[in-house]
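So the structure is just underneath, and the comments pick up after that.
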Amino acid sequence: MPPATTRSGDELRLSRPVQVAEAIKSWVVEQGLQAGDRLPGESDLIARFGMAKGTIREAMRILEAQGLIKTRTGPGGGSFVHEVSRQRAKALLGNYFYFKDLSIGDIYQLRLTLEPELAASLAGRLSDDILQQLDDNIAAYSDPSGDIEEERAQHVASLRFHAILAEQAQNPILGFIIDFMVNLLTDLTVYRRLYSPPNVELWQQGRDHQRALVRALRDDDPDRARAIMREHMEIAWTLMRRQEVGMQNRFISE
Numbered sequence: 459m460p461p462a463t464t465r466s467g468d469e470l471r472l473s474r475p476v477q478v479a480e481a482i483k484s485w486v487v488e489q490g491l492q493a494g495d496r497l498p499g500e501s502d503l504i505a506r507f508g509m510a511k512g513t514i515r516e517a518m519r520i521l522e523a524q525g526l527i528k529t530r531t532g533p534g535g536g537s538f539v540h541e542v543s544r545q546r547a548k549a550l551l552g553n554y555f556y557f558k559d560l561s562i563g564d565i566y567q568l569r570l571t572l573e574p575e576l577a578a579s580l581a582g583r584l585s586d587d588i589l590q591q592l593d594d595n596i597a598a599y600s601d602p603s604g605d606i607e608e609e610r611a612q613h614v615a616s617l618r619f620h621a622i623l624a625e626q627a628q629n630p631i632l633g634f635i636i637d638f639m640v641n642l643l644t645d646l647t648v649y650r651r652l653y654s655p656p657n658v659e660l661w662q663q664g665r666d667h668q669r670a671l672v673r674a675l676r677d678d679d680p681d682r683a684r685a686i687m688r689e690h691m692e693i694a695w696t697l698m699r700r701q702e703v704g705m706q707n708r709f710i711s712e
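Quick note on the working numbering: the sequence shown kicks off at 459 and runs consecutively.
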């Protein structure tokens, strides 16, 4: 089936290989193909989409770069539908924000909106294994750090707590967005050294709120879980902003 002849202004500005790549994606969805299903061969794609061999090959390269198809050579080879992994999707989206000069406030504004609702939705729904995983994660920073490297590791581990929760979200969009924000904040914390100098108040407030949150999740108390997470985000936002300002001031003074 050739691509539709009626196109919007945005579509007309796209290069022909990009248009074909989009048409192939639409066709895959229409056909109900799943990850691992084989795509038609090159000659079939040329006939189906009415395009030259070079255009089809470039379109397939685009789809492979996007992680949507996988090409294998040799016996049984060909092009196959490929599901983009969560990690790859976060990495690709992260590239968009690489030069955006994000602030702590940018991230926490969204976290404060979404994470309390995630916490409420998970109350009473987590398995004993996941609850134990959360407890074990908190144990990694149960005591104050002894040096700056341990401080960095504790910051990363405390953010992993939120990634564990995001993985349990029943709403896949909500889970992905929160997981992505945790990833952004982890990268921001590390490369801007927001864990330096150590902040005992930030460590204690984070640990204590996370412990209280796990109890609320175990007790199937969504209102308490929401309130604890909201307070956790508000306090963390304030304290992390102080870390950010402190780092900026040190940079200026140097």
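Idealized CB from N, CA, C, for every residue including glycine.
Owing to the predicted nature of the structure, the values given are computational and were not obtained by experimental measurement.
By a C-beta neighbour count over all protein chains shown, 10 Å radius and 16 as the cutoff for buried, is residue i buried or exposed?
i	result
Ala-549	exposed
Gly-467	Its pLDDT being 49, under 50, Gly-467 is placed unreliably by the model, and the measurement read from it follows with that caveat. Gly-467 comes out exposed.
Gln-727	No answer is possible for residue 727: it lies beyond the span of the chain, which begins at 459 and ends at 712.
Ile-631	exposed
Pro-680	buried
Arg-569	buried
Gly-664	buried
Ala-523	exposed
Asn-553	exposed
Ser-501	exposed
Tyr-599	buried
Asp-587	exposed
Over the uninterrupted alpha helix (DSSP H) stretch that includes residue i, give me the two end residues.
i	result
Phe-507	500-507
Thr-531	First-last for Thr-531: undefined, no H or E at that position.
Gly-441	Outside the shown range of the chain (459 to 712) lies residue 441, about which nothing can therefore be said.
Ala-577	562-580
Asn-629	Run containing Asn-629: none; DSSP gives neither H nor E here.
Gln-590	586-597
Gly-512	511-523
Arg-474	474-489
Do residue j and residue i come within 9 angstroms of each other at the CB atom, strictly closer than that value?
i	j	result
Ile-527	Val-476	no
Ala-670	Ile-686	yes
Glu-573	Leu-642	no
Asp-677	Ala-581	yes
Val-614	Val-648	yes
Met-639	Ile-562	no
Gly-633	Leu-584	no
Ala-479	Met-518	yes
Gln-701	Leu-675	no
Gln-545	Pro-602	no
Starting from residue i, trace the beta strand (DSSP E) both ways and give me its first and last residue.
i	result
Val-539	536-539
Report back the beta-carbon spacing between residue i and residue j to the nearest angstrom; my notes put them in contact at under 8 angstroms.
i	j	result
Val-672	Leu-589	6 angstroms
Arg-471	Thr-513	Contact doesn't hold; Cβ gap of about 17 angstroms is too wide.
Val-486	Val-542	Actually they are not in contact, since the Cβ atoms of Val-486 and Val-542 sit about 13 angstroms apart, beyond 8 angstroms.
Ile-596	Ser-654	About 22 angstroms separates the two Cβ atoms, so there is no contact after all.
Ala-611	Asp-637	Actually they do not touch by this definition, with Cβ atoms about 20 angstroms apart.
Leu-592	Phe-619	6 angstroms
Arg-726	Gly-536	The requested residue 726 does not occur in the structure, where the chain is confined to residues 459 to 712.
Mind listing, in chain order, the continuous alpha helix (DSSP H) runs of no fewer than 4 residues lying wholly within the region 636-695? 658-676
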